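>
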């Protein structure tokens with residue numbers, strides 16, 4: 122299997138005064154061209170760190186990141202500069218990720234200038250106008266400053282900036298969670314349209330499960346730095362295997378007032394990611410936890426074709442006979 | 002409680018709130034009327050800027066003045082008009098009879114006071130009790146919201162987001178209020194924590210028989226907590242009814258697209274359908290129906306008349322000309338009278 126992006130055993134640790142913080146611990150996955158991989162999990166589970174490590178905004182502690190087959194775990198400065206043309210990021214907060222002292226035009230043109238794509242002023246203006254049209258920003262905003270625009274328009278600037286270099290791969294770190302609900306739908310639709318037009322590949326990081334269901338092909342569920350479940354979007358919502366995923370899905374309030382509610386209420390909160398003890402990280406909150414869970418780390422195993430889960434008791438929890446693989 | 006269950010516990014009548022700014026008058030709340038029964042949960046739903054929070058602050062008489070001003074209306078709680086109360090009287094009511102939970106638990110707690118002291122402070126403000134008695138009660142409240150009483154002396158920064166919101170709930174419920182106003186109480190929390198907090202709120206609401214006014218844009222939260230729902234648009238209530246009426250028998254042309262524009266876990270759609278256009282500028286509202294510019298089922302007469310809320314059956318109120326009877330009455334009176342704006 123060779124996808125556009127392959128991540129193998131990626132680790133990102135931070136040294137803190139209280140010990141080593143395992144932000145991302147042994148994460149592996151691959152993403153195909155044109156696909157959207159959703160990354161879900163609660164705050165503090167390491168999903169943003171994962172996104173930033175993949176495009177080398179943070180240096181990985183260990184592991185392998187292959188982009189188009191090329192190992193980029195430790196690229197030279199020059200090579201990284203070249204690679205960044207193809208991988209971009211859209212940040213969560215359109216209020217703090219845009220320079221308040223630059224106009225919309227300057228912000229969108231900046232990557233073009235850095236990569237010396239066009240030094241000709243007229244060509245640059247034309248490209249900025251094109252990009253603004255692509256993301257649905259009216260041309261009259263070209264000389265405004267970010268603070269003059271609403272959140273939805275600002276996020277469009279962030280998207281236009283990310284698209285400026287025609288990347289093939291974009292990490293979207295909670296791109297709609299800072300937006301008003303009515304604007305969310307517009308931005309999500311825009312991102313889907315752009316993906317179709319430009320054959321983009323997304324890693325879509327979010328804590329909002331209804332958004333991720335909507336936009337992703339495949340999903341990985343993270344808990345305290347580790348991946349606990351990995352499968353297609355449809356499969357995850359119809360047949361979750363990991364106890365954490367089950368609890369997460371059942372916690373979402375349903376707007377269908379006639380739906381039968383069978384809620385698994387998790388006790389407690391995320392434990393600390395600093396120097397985690399061996400064993401399943403979810404064991405303390407898991408209703409199915411057995412002794413084995415606090416002894417060794419569960420490995421990712423393919424329970425059904427294309428559906429992986431990391432749980433010692435996955436068969437017992439889901440009443441699957443042991444032979445069936 | 003004085004009133005019996007059949008009497009209306011909270012009545013808001015023709016409330017109008019404006020913000021008078023240098024750039025003109027912002028009409029935040031335009032002539033809304035609402036009623037709540039004892040023990041009922043009412044949800045206010047709508048986009049940002051629809052006037053939900055302003056309505057809530059109006060009930061507490063906490064509209065920042067200037068620039069905000071309550072122009073007209075009555076807010077009757079238990080037979081008493083809150084808008085006629087003096088500042089001191091309102092201070093006694095806030096925190097004892099009416100409490101509020103704000104959206105962001107990170108900023109609504111005092112960072113340099115222990116959580117226990119923040120709870121007992123409310124108790125001592127509203128009840129004549131000794132310091133130690135207040136402390137005991139505060140410890141009880143902590144236990145009720147699921148925090149061990151040993152954490153009385155901890156500071157807010159030592160708690161996680163969900164725990165802080167529990168502390169806020171403990172403060173709000175410490176004096177057994179009759180009305181609890183919740184402004185997006187769980188939007189800042191993760192889903193598993195949200196489920197815990199909502200569960201706690203439900204239990205305490207039943208235990209204290211508190212009425213709740215819930216402000217949220219999460220339709221899932223609405224569906225799981227509310228008895229009645231009011232949909233707000235541009236400072237007006239465009240649809241009001243029981244949960245079932247509004248969710249299953251949606252009538253207003255704004256409510257359906259609002260529901261459709263939100264990603265929903267229980268729906269299988271490939272594309273969201275956002276409502277076209279933007280909410281009207283509240284400092285320059287049209288004289289006609291405020292949804293006219295975005296409405297897909299508008300008719301010519303909608304540009305001329307500002308419809309009145311109208312009962313389509315069993316107390317289900319819809320503010321739209323397109324409900325048949327309203328149109329008929331319009332046709333009867335059209336030409337003879339200018340559409341009047343009730344003040």
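Protein chains in written order, with the working numbering: chain Y, 122 to 446; chain H, 2 to 344.
C-beta: ideal position from N, C-alpha, C; glycine also.
Here the structure is a predicted model, which means the values were calculated and not measured.
(1) Just the Cα atoms here: how many angstroms apart are residue 208 of chain Y and residue 258 of chain H?
(2) What's the gap between the Cα of residue 243 of chain Y and the Cα of residue 249 of chain Y?
(3) Counting Cβ pairs closer than 8 Å, one from the segment 121–132 of chain H and one from the segment 205–222 of chain H, do we hit at least three?
(4) To the nearest angstrom, how far is it from the Cα of residue 136 of chain H to the Cα of residue 150 of chain H?
(5) Measure from the alpha carbon of residue 283 of chain Y to the alpha carbon of each residue in Y:306, Y:263, Y:322, Y:310, then state which is nearest.
(6) Mind reading off the beta-carbon distance from residue 229 of chain H to residue 41 of chain H? Whole number of angstroms is fine, and I expect it under 8 Å.
(7) With distance defined between alpha-carbon atoms, name the residue in H:177, H:179, H:176, H:171 nearest to residue 186 of chain H.
(8) In three-state terms, what does DSSP make of residue 1 of chain H?
(9) At the 7 Å Cβ level, is residue 9 of chain H part of the contact set with chain Y, yes or no?
(10) Below 7 Å CB to CB, which residues in the same chain sit around residue 220 of chain Y once its five sequence neighbours on both sides are set aside?
(11) How about residue 156 of chain H: is its C-beta nearer than 7 Å to some C-beta of chain Y?
(12) Going along the chain, which residues of its own chain have a beta-carbon closer than 6 Å to the beta-carbon of residue 263 of chain Y, five neighbours each way excluded?
(13) With DSSP collapsed to three states, give me the class of residue 95 of chain H.
(14) Would the segment 396–412 of chain Y and the segment 273–284 of chain H be scored as touching if the rule is three or more Cβ pairs under 8 Å?
(15) At 3 residues or longer, what runs of the beta strand (DSSP E) sit wholly inside the segment 402–434 of chain Y?
(16) Does residue 168 of chain H have its Cβ less than 7 Å from a Cβ in chain Y?
(17) Taking just the CA atoms, how far does residue 216 of chain H sit from residue 18 of chain H?
(18) DSSP three-state call for residue 183 of chain H: helix, strand or coil?
(19) With H, G and I counted as helix, E and B as strand and the rest as coil, what does DSSP make of residue 390 of chain Y?
(20) Using a C-beta to C-beta distance shorter than 8 Å, which residues of chain Y count as neighbours of residue 195 of chain H?
(21) Contact criterion: CB-CB distance below 7 Å. Does residue 185 of chain H meet it with respect to chain Y?
(22) Considering just the uninterrupted stretch of the alpha helix (DSSP H) at residue 144 of chain Y, what are its terminal residues?
(23) Can you find the residues in the same chain that come closer than 6 Å, C-beta to C-beta, to residue 317 of chain H, ignoring five residues on each side of it along the sequence?
(24) Between the C-alpha atoms of residue 238 of chain H and residue 203 of chain Y, what's the straight-line distance to the nearest angstrom?
(25) Would you tell me roughly how many angstroms separate the C-alpha atoms of residue 423 of chain Y and residue 270 of chain Y, rounded to the nearest one?
(26) Taking Cβ-Cβ distances shorter than 7 Å, what residues in chain H pair up with residue 307 of chain Y?
(27) Count the other C-beta atoms from every protein chain shown that fall within 10 angstroms of the C-beta of residue 106 of chain H, then say buried if there are 16 or more, exposed otherwise.
(28) Looking only at its own chain, which residues have a Cβ that is under 6 Å from the Cβ of residue 22 of chain H, when we skip the five neighbours before and after it?
(29) Counting only beta-carbon atoms, is residue 428 of chain Y nearer than 7 Å to chain H?
(30) So within the segment 312–383 of chain Y, which uninterrupted beta strand (DSSP E) runs reach at least 3 residues, ignoring any that extend past its ends?
(31) Measuring CB to CB, does residue 52 of chain H end up less than 7 Å from residue 73 of chain H?
(32) Between the Cα of residue 154 of chain H and the Cα atoms of H:60, H:119, H:203, H:178, which residue gives the shortest distance?
(33) Run down chain H in chain order and give the residues with a C-beta less than 7 Å from the C-beta of residue 369 of chain Y.
(34) Look up residue 189 of chain Y in the DSSP assignment and say whether it is helix, strand or coil.
Walking through what the data contain:
(1) For residue 208 of chain Y and residue 258 of chain H, the gap between their C-alpha atoms comes out near 36 Å.
(2) Those two C-alpha atoms are separated by around 10 Å.
(3) Contact between the segment 121–132 of chain H and the segment 205–222 of chain H is absent, because fewer than three Cβ pairs lie under 8 Å.
(4) Taking the straight line joining both Cα atoms gives about 10 Å.
(5) The shortest Cα separation from residue 283 of chain Y among Y:306, Y:263, Y:322, Y:310 belongs to Y:322.
(6) Between residue 229 of chain H and residue 41 of chain H, the beta carbon gap of about 6 Å places them in contact (Cβ cut-off 8 Å).
(7) It is H:171.
(8) Residue coverage of chain H in this structure runs from 2 to 344, which leaves residue 1 of chain H outside it and unanswerable.
(9) It does not; no Cβ of chain Y falls within 7 Å.
(10) Hits under 7 Å: 228.
(11) Interface flag for residue 156 of chain H against chain Y is unset, since no Cβ pair is found closer than 7 Å.
(12) 225, 226.
(13) Looking at residue 95 of chain H - three-state DSSP - the assignment turns out to be strand.
(14) Counting Cβ pairs under 8 Å, fewer than three are found: no touch.
(15) Runs found: 422–425, 428–430.
(16) Interface flag for residue 168 of chain H against chain Y is unset, since no Cβ pair is found closer than 7 Å.
(17) When rounded, the distance between both Cα atoms is 17 Å.
(18) The DSSP-derived three-state label of residue 183 of chain H is strand.
(19) DSSP, read as helix, strand or coil, puts residue 390 of chain Y in coil.
(20) Simply 372, 374.
(21) It does not: the Cβ of residue 185 of chain H has no partner Cβ on chain Y nearer than 7 Å.
(22) Run containing residue 144 of chain Y: none in the alpha helix (DSSP H); it sits in the beta strand (DSSP E), 140–152.
(23) Result list for residue 317 of chain H: 242, 246, in chain order.
(24) Each residue's Cα considered, the two are about 55 Å apart.
(25) If you take the alpha carbons of residue 423 of chain Y and residue 270 of chain Y, they lie about 47 Å apart.
(26) Chain-order list of chain H residues neighbouring residue 307 of chain Y: 275, by C-beta distance under 7 Å.
(27) By the 10 Å Cβ count, residue 106 of chain H comes out buried.
(28) Residues of the same chain with a CB within less than 6 Å of the CB of residue 22 of chain H, apart from the 5 flanking positions on each side, are 68 in chain order.
(29) In terms of beta-carbon proximity, residue 428 of chain Y stays away from the interface with chain H, with every pair separated by 7 Å or more.
(30) Here the runs fully enclosed are 322–327, 339–344, 347–353.
(31) No, the pair does not count as a contact, with Cβ atoms beyond the cut-off.
(32) Looking at the Cα atoms, H:119 is the closest of the given residues.
(33) Neighbours of residue 369 of chain Y across chain H, judged by C-beta separation under 7 Å: 192, 193.
(34) Looking at residue 189 of chain Y - three-state DSSP - the assignment turns out to be coil, as it is neither helix nor strand.
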